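Quick note, the working numbering runs 13 ahead of the 1-based positions in the sequence shown.
Positions of the beta carbon are idealized from the N, C-alpha and C atoms, including for glycine.
Fair warning: this is a prediction, and the values are worked out from it, not measured in the lab.
Structure, as structure tokens:
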Amino acid sequence: MDRKGRVMHSDEIADLESTVDDASLRRSEKLSDELKAKIRDDASPFRMLTGDRPTGRLHLGHYFGSLKNRVELQQAGVDTWLVIADYQVITDRDAVGEIRDRVYGLVTDYLAIGIDPAKAVIFPHSQIPALNELVLPFLSIVTDSELRRNPTVKAELDASGNRPMSGLLLSYPVHQAADILFCKANVVPVGKDQLPHLEQARVIAQRFDKRYGRPKGLDRPIFPRPMGLLSEAPAVLGLDGQKMSKSRGNTIELGMTADETAKLLKRAVTDSERHITFEPERRPEVSNLVQLTALATDRDPYDVADDIGAGGAGVLKNTATEAINEMLSPMRARREEVENDPTIVEHVLRDGIKRANAQAEQTLQEVHEALDMVYLP
Ligand code: TRP
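Structure follows, in structure tokens:
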């Protein structure tokens, strides 16, 4: 548990422990780059699935780290599926909290950043029975020792204080494999802390085919092996120079007003050197404000720092505030529309749940056929 006695989320765990070794990270990066090139070439064969736990509002760290990338993939023509991982909330805590508000808030965030509900399928996995049922046959092809070895499961267990390992925490990579495989996604945009889970999903896809085979007439495996797409964006820090995370209270949430954003940035930590430079190692706080400005305006951080130079921290904060508020402004306008009409989110969920259920039932039928568990004509 962290200092506030709260358990941490996986996005906060990545900095506790490097979950993948360097060599396999480099391999994943190379594969991810090749995949990006293929998507740029022709996006039509690709379906992405990724998602979030509904544990709080999304912030700029999420936006630059993964959300922006999802919108770009969607715009490039990649079929977009977003899972709201509500069952994952109880892997590391006793209660789901204000889950309904969180789910509605998450969908609102998605729509505000530009996810197009006419194209994307957005669904909480608790509402998709056939997706969850895939966990049973999948559990038959994983061993408890490979689950215990999963570095992200280990890191989450460590981060949850003295809790015993629950069956759900131990098996959550299998459940996450079901999230990915039920819709036969072949692209999974993830942070590097999620790579062990993606590898587990790839192993399950392949083992299922080897062990149980295919329904009659299907000439390829039921499940394609999903590929990871790693985010290119540099990690963004919070306004205190520490990692940006909900539990540290140092975030700029996407749902904040322009005034709230300005106030927070005014209080951001800087240092005592007057001249503004971009030196992330030596001057993390100042460089982070430069980086945020650069990301928000699509500029090079060194140019941003040069332009401010002798202007000092005051000019830096004003420039950052302006840049971030300008980037967020169209998102705020969309958010307002969505918040003014609660039936919008309801429709998006209803439609997403319907489409996800249809897909999951079809996949489960194929699984039953492969297993010979079809008893009635
Ligand atoms: N475990 C992910 C997280 O905590 C969320 C998630 C659930 C996910 N299912 C997924 C991510 C499937 C990618 C693919 O951030």
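Check: Are residue 251 and residue 261 closer than 8 angstroms when you measure CB to CB?
Finding: Position 238 of the sequence shown holds residue 251. Position 248 of the sequence shown holds residue 261. Going by beta carbons, residue 251 and residue 261 fall inside the 8 angstroms limit.
Notebook entry, point to check: Where does residue 247 fall in DSSP's three states?
Noted result: As a first step, residue 247 is located in the sequence shown; it is residue number 234 there, counting from the start. In this structure, residue 247 counts as coil in the three-state DSSP scheme.
Next item on the list: Can you give me the start and stop residues for the beta strand (DSSP E) that residue 322 sits inside?
Entry: As a position in the sequence shown, residue 322 is number 309, starting the count at 1. It is not in any beta strand (DSSP E) - residue 322 carries neither H nor E in the DSSP assignment.
Margin query: Rounded to the nearest angstrom, what separates residue 388 and residue 229 at their Cα positions?
Written below: Indexing the sequence shown from 1 puts residue 388 at position 375. Indexing the sequence shown from 1 puts residue 229 at position 216. Straight-line measurement puts the Cα of residue 229 at about 15 angstroms from the Cα of residue 388.
Notebook entry, point to check: Helix, strand or coil for residue 72 per DSSP?
Noted result: Against the sequence shown, residue 72 aligns to sequence position 59. In the three-state reduction of the DSSP assignment, residue 72 falls in the strand class.
Next item on the list: Mind listing, in chain order, the continuous alpha helix (DSSP H) runs of no fewer than 4 residues lying wholly within the stretch 260–296?
Entry: Taking 4 residues as the shortest admissible run, the stretch 260–296 contains the following complete alpha helix (DSSP H) segments, listed from N- to C-terminal end: 271–279.
Item checked: Any 3 or more C-beta pairs closer than 8 angstroms across the stretch 62–80 and the stretch 103–123 -> Contact annotation: the stretch 62–80 touches the stretch 103–123, with at least three C-beta pairs closer than 8 angstroms.
Check: Among all the DSSP beta bridges, which residues are the ones paired with residue 200?
Finding: Position 187 of the sequence shown, counted from the first residue, corresponds to residue 200. Beta-bridge pairing links residue 200 to 61 and 240.
Note to self: Please state the DSSP three-state secondary structure of residue 156.
What the structure shows: The residue given as residue 156 occupies position 143 in the sequence shown. Of the three classes helix, strand and coil, the one that applies to residue 156 here is coil, per DSSP.
Checklist line | Contact set for residue 249: own chain, Cβ-Cβ below 8 angstroms, skip 5 residues either direction | finding: Your numbering for residue 249 matches position 236 in the sequence shown. Excluding the 5 residues flanking it on each side, residue 249 has same chain C-beta neighbours closer than 8 angstroms at 73, 74, 77, 78, 257, 301, 304, 305 and 308, in chain order.
Item checked: Local Cβ density within 10 Å of residue 315, reported as buried at 16 or more and exposed below that -> For the purposes of this step, residue 315 is taken as the residue at position 302 of the sequence shown. Exposed is the call here.
Check: How many whole angstroms separate the CB atoms of residue 56 and residue 351, which I take to be in contact at a CB cut-off of 8 angstroms?
Finding: As a position in the sequence shown, residue 56 is number 43, starting the count at 1. As a position in the sequence shown, residue 351 is number 338, starting the count at 1. For a cut-off of 8 angstroms, the C-beta gap from residue 56 to residue 351 is around 26 angstroms, too long to register as a contact.
Checklist line | Selected residue, minimal CA-CA separation from residue 286, among 265, 267 and 329 | finding: For the purposes of this step, residue 286 is taken as the residue at position 273 of the sequence shown. Nearest of 265, 267 and 329 to residue 286, Cα basis: 329.
Notebook entry, point to check: Using a Cβ-Cβ cut-off of 7 angstroms (strictly less than) and excluding sequence neighbours within five positions of residue 384, which residues of its own chain qualify?
Noted result: On the sequence shown, residue 384 is found 371 positions in, with the first residue counted as 1. 150 and 225, listed in sequence order.
Next item on the list: Can you give me the start and stop residues for the alpha helix (DSSP H) that residue 217 sits inside?
Entry: Taking the first residue of the sequence shown as 1, we reach residue 217 at position 204. First-last of the alpha helix (DSSP H) with residue 217: 208–225.
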